[in-house]
Amino acid sequence: MSIRVLCKQTIVLGVTGSIAAYKAVEIASRLVKAGAHVDVIMTEAATQLVAPLTFQAITHRPVTTDLFDPRGELGIDHVALAKRADLMAIAPITANTLAKLAQGLADNALTTTFLAVESPVIVAPAMESHMWLHPSTQRNLDTLQAWGTTVVEPESGHLASGAEGVGRLAEPVSIVDTIRFVLGRDGPLAGRHVAVTAGPTREAIDPVRYISNHSSGRMGYAVAEAVRDLGARVTLVSGPTALRAPAGVEFVAVTSTHEMRDAVLDVLPDVDAVVGAAAVTDYGPAVSSEQKIKKAEGGFSLELVHNPDILMDVKAWKEARERTHPIIIGFAAETENLIENAQNKLVRKRMDLIVANLVPATFGSDRSQATLIQVDQPVERLPSLTKTELADKLADRLVYLL
Ligand SMILES: Cc1cc2nc3c(=O)[nH]c(=O)nc-3n(C[C@H](O)[C@H](O)[C@H](O)COP(=O)(O)O)c2cc1C
104 MSIRVLCKQT IVLGVTGSIA AYKAVEIASR LVKAGAHVDV IMTEAATQLV APLTFQAITH
164 RPVTTDLFDP RGELGIDHVA LAKRADLMAI APITANTLAK LAQGLADNAL TTTFLAVESP
224 VIVAPAMESH MWLHPSTQRN LDTLQAWGTT VVEPESGHLA SGAEGVGRLA EPVSIVDTIR
284 FVLGRDGPLA GRHVAVTAGP TREAIDPVRY ISNHSSGRMG YAVAEAVRDL GARVTLVSGP
344 TALRAPAGVE FVAVTSTHEM RDAVLDVLPD VDAVVGAAAV TDYGPAVSSE QKIKKAEGGF
404 SLELVHNPDI LMDVKAWKEA RERTHPIIIG FAAETENLIE NAQNKLVRKR MDLIVANLVP
464 ATFGSDRSQA TLIQVDQPVE RLPSLTKTEL ADKLADRLVY LL
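Given below as structure tokens:
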């Protein structure tokens, strides 16, 4: 799947001698699949751990391992890769290469390219905990950060030595996500702040039971990523999902509808747009029992009450202040009378745009067959799109609306 912000971008991927070097193969693969041109540079130590041919086969491009190779591109122009890079990512980066970069050494193809590159740089360290926590490593990282380098922090968990601790390379998908975030920074939504709600909400019946729905959260997360890729600052307010928080977004985890409403109202004064992609649970128990409700003979009935309608509250907030912003984009999930119901919702909640979806087909699926409805605009029926493609369309509409 091509990802817009990565498509046709030239990424120099530096790989160093960490045991996590094999994970760089997945990073390269994800970038290539997303449409990027990937030039891999390996240190001598990295080639001891993964064969250069592996990267060559994945990227369909020559791999640079030696600055002085007379047949290599750098043998002709030793900063050729630096010149054409839209972004340089070094993943994994060893303690050793970090130290060299912080000192300005240029003793191999990778360190030389780093010094010459003018594009943004991302580093993703991977090492044993003691190496990571060493003041020398931390100082070197601080130096790089002060120069504007983005650091993808390592994670805690099982390390190659068998120990548990901090130092594991961040997941390849998170590193690619950070590359998207950095590449998109100056996009058409730069300087804008967008709040996105995603996922289901849960209403507690008692400490172990709840009422909710099948929303996976994928649509809202895809929207958060798409507007971030265009440069927006994003606050993602998410109900419980199995998804990873996208890189570069401010993530607010909530459970109930009231929590989600409060989190949205908190950021309202500061945002230019609200995208309500969450599947809010419309009704919750009138009373939530503090103790687990015991199973008993016979039936059981539960009194339900209306939950807050978050986009209605956003509308009321705007009206009370006579403001035209934030722009409101909502979703309508309907099983029948799709357009008519969505149009009513658009008008009732004074939305700027509504995305109408037929359910249950879209719930939990990666595809969506949506219709976009805007006040005073012709209805646009979209073909079957992935949620990522639909999110890109919405991000474009948001650029236009703002
Ligand atoms: C099997 C193996 C795994 C290693 N893993 C790491 C690592 O994860 N992180 C690190 O900083 N160094 C690691 N090292 C040490 C580096 O390979 C060593 O410091 C080397 O000089 C790094 O060179 P480079 O920075 O030019 O790639 C490892 C060494 C070996 C033998």
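Sequential numbering of the sequence shown, starting at 104, is according to this note's numbering. Every residue, glycine too, gets a C-beta built ideally from N, C-alpha and C. Since we're looking at a predicted model, the values are computed, not measured.
Would you kindly report the start and end of the unbroken beta strand (DSSP E) that includes residue i?
| i | result |
| --- | --- |
| M191 | 190-196 |
| F434 | 430-437 |
| V482 | No beta strand (DSSP E) contains V482, which DSSP labels as neither H nor E. |
| M322 | Note, M322: premise wrong, no beta strand (DSSP E); alpha helix (DSSP H) at 321-332. |
| T304 | Here T304 belongs to no beta strand (DSSP E), and DSSP marks it neither H nor E. |
| T113 | 113-118 |
| Y386 | 386-388 |
| L339 | 336-341 |
| P228 | 224-228 |
Can you grab the Cα-Cα spacing for the pair residue i / residue j, in whole Å?
| i | j | result |
| --- | --- | --- |
| D375 | V417 | 12 Å |
| T168 | V220 | 17 Å |
| S319 | L346 | 8 Å |
| E306 | T358 | 8 Å |
| L272 | A183 | 28 Å |
| A301 | D309 | 24 Å |
| V153 | V355 | 39 Å |
| V224 | S264 | 29 Å |
| D189 | V141 | 10 Å |
| V370 | F434 | 20 Å |
| N410 | I282 | 39 Å |
| A473 | L501 | 16 Å |
| Q112 | A205 | 26 Å |
| A293 | F284 | 11 Å |
| L504 | V383 | 25 Å |
| A137 | V276 | 12 Å |
| P291 | G117 | 29 Å |
| T157 | V128 | 7 Å |
| I122 | G207 | 24 Å |
| T200 | I193 | 10 Å |
| D469 | S232 | 38 Å |
| I430 | V337 | 14 Å |
| W250 | N243 | 11 Å |
Our contact map puts residue i next to residue j with C-beta atoms below 8 Å; I'd like the distance itself, whole angstroms only.
| i | j | result |
| --- | --- | --- |
| P349 | P303 | Not really, about 18 Å apart at Cβ, beyond 8 Å. |
| D269 | R133 | The sequence shown places Val at residue 269, not Asp. Wrong, their Cβ atoms sit about 24 Å apart, outside the cutoff. |
| L456 | I432 | 5 Å |
| L218 | A209 | 5 Å |
Which residues mark the beginning and the end of the alpha helix (DSSP H) in which residue i is found?
| i | result |
| --- | --- |
| P238 | 238-249 |
| L74 | No answer is possible for residue 74: the residues shown for the chain start at 104 and end at 505. |
| R500 | 490-504 |
Which parts of the segment 349-379 are runs of the alpha helix (DSSP H), unbroken and 4 residues or longer, counting only runs that do not cross its ends? Unbroken alpha helix (DSSP H) stretches of 4 residues or longer found wholly inside the segment 349-379: 360-370, given in chain order.
What is the chain-ordered set of residues for which the beta carbon lies under 5 Å from any non-hydrogen atom of ligand 1? T119, G120, S121, I122, T146, A148, T197, A198, N199, T200, A229, M230
Counting only runs of 3+ residues fully inside the segment 259-299, write out the beta strand (DSSP E) ranges in chain order. 267-271
3-residue-minimum beta strand (DSSP E) runs that sit fully inside the segment 391-420, ordered along the chain: 407-409
As an exercise, report each continuous alpha helix (DSSP H) stretch of at least 4 residues that is fully enclosed by the segment 132-188, in chain order. 147-152, 155-162, 183-187
Every unbroken alpha helix (DSSP H) within the segment 447-478, with a cutoff of 4 residues, ordered by chain: none
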